[in-house]
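Here the structure comes first, spelled out in structure tokens, and everything after it is commentary.
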Amino acid sequence: MMATGVRVFLLLLWTTDTPQGAGVQVLPPVNFTLRVSALAQVLLHWEPNPAQEHNNSTIRYDVKILSPVPEEYDTRRTHSVRTAALHDGFSACVRTLLLQEDLEISSDWVEAKLPPLPGAAGTSVTNLSCVTRVTIPGNVSLRCAWLPGQGAPEDTKYFLFYRYETHTEECPTYTKDKWNRNTECRFSGTQMKPGEIDKLIVIHINGSSPRAAIKPFQQLFNQNAIEKVNIPRNISISLQQNDLLATWEKPISPFHEECFEYEFYLINLKSGNKQILRIPSNSFQVQVDVSSRYSVRIRANHNHICRAPGLWSDWSEIIYVGQNKLENSTAWILTLLCVSTSCTFLLVAMICKINHVWSKLFPPIPTPSNKFRDPFPVDYERARTCTSSTETEVGSLADGFSCSVLDDSVF
Ligand SMILES: *[C@@H]1O[C@H](CO)[C@@H](O)[C@H](O)[C@H]1NC(C)=O
Ligand SMILES: *[C@@H]1O[C@H](CO)[C@@H](O)[C@H](O)[C@H]1NC(C)=O
Ligand SMILES: *[C@@H]1O[C@H](CO)[C@@H](O)[C@H](O)[C@H]1NC(C)=O
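Residues 161 to 571 in our numbering are what the sequence shown lists, from first letter to last.
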């Protein structure tokens, strides 16, 4: 009975001790605005509530991004910059936080919104994909491809822009589809720096058509995640006793050797066995069947150690190693048999050919006596001979020739 009373008293004491209870009011910030400050970039800005008292307490702000990608954080400042795809609009809330000793009291939220970018439904591009590549040290190229929106008229012209930090640039070189719409873009050089980690690239594609308002589309890409890694260099492969040894150099890249991993594609050309092995370093040794010929290809990617993995490089050129060796005497005997059989066939064919030429040069002379005795049965007999002889391939021409000679002589 006594213990319960004490607890109730303590609870009351704690409640009346809060600033709220002491009459401290926490008011929401004022003039909260959103402004597009660059492609896919919003500046959130608000003012402290002029009526807010803060004596010796600290004021902070809670920010909640509602769309397109939810996010929550707090800040001491009265502004904040966010990068987000804005084609479907943007909305966020902010509230005041009052911190007094170890107590934290918050105000109501205030909300602000940006409307979606204007344009007809279904006119935005779809299936956007982008790839970067490190070319000559220091240069990053960019290539993007997309599909025109299902609802975009055939005469739609699309335009692509990329933004990297504060640099915005329109695509200089487009590839078109059969309707003459841009569906691919290449930048041979960009402002991107090849060694950066987790930097964002903003892609903005808008368009125009006399028949519809084309809704712009935006997408953010992690520079590292869309980098197509270069092919490993100076690959050398050799056979030593029962082992295949391979060494190579890392691809052209500002990243160190430890930042790469490889795939090793080994095909035994005799058995047809295929193997893809994941290799964490740039040399490799594997036991092989030395009586087989092998083909080898290698490709590279970044591993997780240095940054986000990108896209696997293309496979290197095929390198062949080893010779197929016949395993036993049976194979030898079989080969010998094959060779001798083909030789015999060749000989027979040659003899036939000679015979054929012989019969052409010296056709058989017909006997005229037959003509007067009984021409019909003989003629019937000859016709039969003629058809049956053309059915056999070897010497058919020679027989046909003698046949026609016979017929001429008859009529
Ligand atoms: C809020 O905006 C209004 C109108 O623009 C302005 O008069 C007022 O001074 C602003 N309040 C603060 C605290 O900046
Ligand atoms: C485009 O993307 C959609 C949805 O992601 C997918 O279903 C479709 O196969 C893609 N089309 C092409 C041609 O890649
Ligand atoms: C496309 O966007 C760029 C960059 O914001 C802008 O300068 C251009 O006027 C837009 N073009 C169309 C047709 O909307």
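In this text, a Cβ means the ideal position worked out from N, Cα and C, and glycines have one as well.
Annotated three-state conformation of ALA385 is coil, per DSSP. Distance from the Cα of VAL241 is smallest, within the candidate group LEU194, ASP268, PRO411, for LEU194.
Distance check between THR295 and each of PRO414, ALA406, LEU497 places PRO414 closest, using alpha-carbon atoms only.
Between VAL389 and TRP269, the C-beta spacing is not below 8 Å. Residue environment analysis places LYS410 among the buried positions, since at least 16 neighbouring C-beta atoms fall within 10 angstroms of its C-beta. Burial is judged here by how many other beta carbons sit within 10 angstroms of a residue's own beta carbon; GLU232 has fewer than 16 and is exposed. By the CB criterion at 8 Å, ASN442 and GLU423 fall outside the cutoff.
When rounded, the separation of the alpha-carbon atoms in GLN400 and LEU426 is 16 Å. Within the DSSP secondary-structure output, ARG393 pairs in a beta bridge with GLU409.
Below 8 Å, enough C-beta pairs join the stretch 192–208 and the stretch 352–372 to call them touching: three or more. Going by beta carbons, LEU429 and ARG453 fall inside the 8 Å limit.
Shown here for SER217: same chain residues with a beta carbon closer than 8 Å to its own, the five before and five after excluded, namely PRO179, VAL184, LEU258, LEU259, GLN260 in chain order. It is roughly 35 Å from the alpha-carbon of LEU246 to the alpha-carbon of ILE412. Shortest Cα-Cα distance from CYS331 to any of LEU302, PRO308, TRP339 involves LEU302. A heavy atom of ligand 3 is found nearer than 7 Å to the CB of HIS364.
DSSP, read as helix, strand or coil, puts ASN515 in helix. DSSP places TRP306 inside the beta strand (DSSP E), whose first and last residues are 300–307.
By the 16-neighbour rule on beta-carbons within 10 angstroms, ASN515 is exposed. Of the heavy atoms belonging to ligand 2, none sits nearer than 7 Å to the Cβ of THR283. Annotation: ALA385 to VAL291 spans about 9 Å, alpha carbon to alpha carbon. Taking every protein chain shown into account, the CB of ALA372 has 16 or more other CB atoms within 10 angstroms, so this residue is buried. DSSP places TRP206 inside the beta strand (DSSP E), whose first and last residues are 201–207. If the five residues before and after ALA305 are omitted, its C-beta is found closer than 6 Å to the C-beta atoms of SER289, GLU344, all from its own chain and listed in chain order. For secondary structure counted as the beta strand (DSSP E) over 3 or more consecutive residues, the stretch 428–454 holds these complete runs in sequence order: 434–439, 443–447. Beta-bridge partners assigned by DSSP to SER348: none are found. Remark: the shortest separation between the CB of LEU288 and any heavy atom of ligand 2 does not fall under 7 Å. For the options LEU405, PHE377, ARG467, ALA252, the alpha carbon positioned closest to that of GLU421 is the one of ARG467.
Shown here, SER267 sits in coil according to DSSP, grouped into three states, outside any helix or strand. Per DSSP, the continuous beta strand (DSSP E) segment holding ARG255 begins and ends at 250–260.
At a threshold of 7 Å, LEU307 counts as near ligand 2, since its beta carbon sits closer than that to one of the ligand's heavy atoms. Out of PHE321, HIS462, ILE395, the CA that lies nearest to the CA of TYR480 is found in ILE395.
Assignment of SER502 by DSSP, reduced to helix, strand and coil, places it in the helix class.
Under DSSP, the beta-bridge partners assigned to HIS239 are HIS205. The C-alpha of LEU277 lies about 23 Å from the C-alpha of ASN191. In terms of Cβ geometry, ASN463 and CYS419 form a close pair [threshold 8 Å]. Looking from the CA of LYS434, the closest CA among GLU325, SER455, GLY309 belongs to SER455.
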